[in-house]
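Step one of this worksheet: look at the structure below.
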Amino acid sequence: MTHKIIIAGAGGQGIMILGKILAEAAMRESRHTTWLPSYGAEVRGGAAYCMVTISDEEIGTPFINKADTLIVMNNPSLERFKRRITDRGLIIANSSLTKKDSFCPENKKEDSRNPVFLSYPFTDIALGLGNIKTANIVALGYFIAKKKIIRKNTVLGIIRDFAAQSRKELAAINKKALVTGLRLVEERKEYGAR
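Sequential numbering from 427 applies to the sequence shown in the numbering used here.
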């Protein structure tokens, strides 16, 4: 099984850390993985995306032409990458910063080959948790619960390890954000999903 993921947003939204956590989790679970980052010239506020491949087999290239899953945190990223999804792929969009009408399958009629588009207000949820910077971790929680290719406990261990001893509060809020994202699937909350 090979799963290709493109994660995109603006610099400062935690796009790279989301990708790094996925890649690290895959390694800890003895899977093959690649992580390919790309930063805009402006860095904070500019375009940022990364490509993560997780596989049971060796991976030939870190570049992803067509992703199985696209996680987008803002509208410019949705516009840029919406055509880089496989048939029957999954698009997970941050509805706090994306427009539903920005996603329009090439084939406008209902077709089982069209990607599934789900949108959730990750930024608003993170604000409700008390830290807007955890929107990426809420999205990560949703992704791992929906796709089931990485274990929750592996990701929780990485969050714990990434937070320095002096930043225990950072680990706590990120754990809370991850669990909140997981529950979006468990509770079947469909915030404007279509």
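Ideal Cβ positions, reconstructed from N, Cα and C, are used throughout, including at glycine.
Whole-angstrom distance between residue j and residue i, CA atom to CA atom
i, j, result
"F588", "P541", "33 Å"
"T460", "P488", "5 Å"
"E612", "R509", "29 Å"
"T549", "S522", "6 Å"
"L444", "P463", "11 Å"
"E532", "R593", "For E532, the predicted structure reports a pLDDT of 49, less than 50, and the residue's modelled location is therefore unreliable. A value from the coordinates is still provided. Using only the alpha carbons, I get a separation of about 46 Å."
"I551", "A571", "17 Å"
"I517", "V564", "15 Å"
Buried versus exposed call for residue i [16 or more other C-beta atoms within 10 Å across all chains shown]
i, result
"K525", "exposed"
"N491", "exposed"
"E595", "exposed"
"G567", "buried"
One or two residues paired with residue i in a DSSP bridge
i, result
"V611", "Answer is none; V611 lacks a bridge partner."
"G567", "The partner list for G567 (beta bridge, DSSP) is empty, contrary to what the question assumes."
"G435", "A474"
"I632", "There is no way to answer for residue 632, as the model of the chain reaches only from 427 to 620."
"S481", "T428, H458"
"I443", "Answer by DSSP bridge pairing: none, since I443 is not bridged."
"I511", "A493"
"S464", "Y475"
Of the residues the options, the one placed nearest residue i, counting alpha carbons only
i, options, result
"H429", "N520, L582, A598, G515", "G515"
"L555", "M499, I511, G607, A451", "G607"
"N562", "D513, N500, I576, E450", "N500"
### Query
Are at least three pairs of beta-carbons, each pair with one atom in the segment 453–460 and one in the segment 491–498, less than 8 Å apart?
no
#### Entry: the segment 469–488 / the segment 427–441 touching (three or more Cβ pairs under 8 Å)
yes
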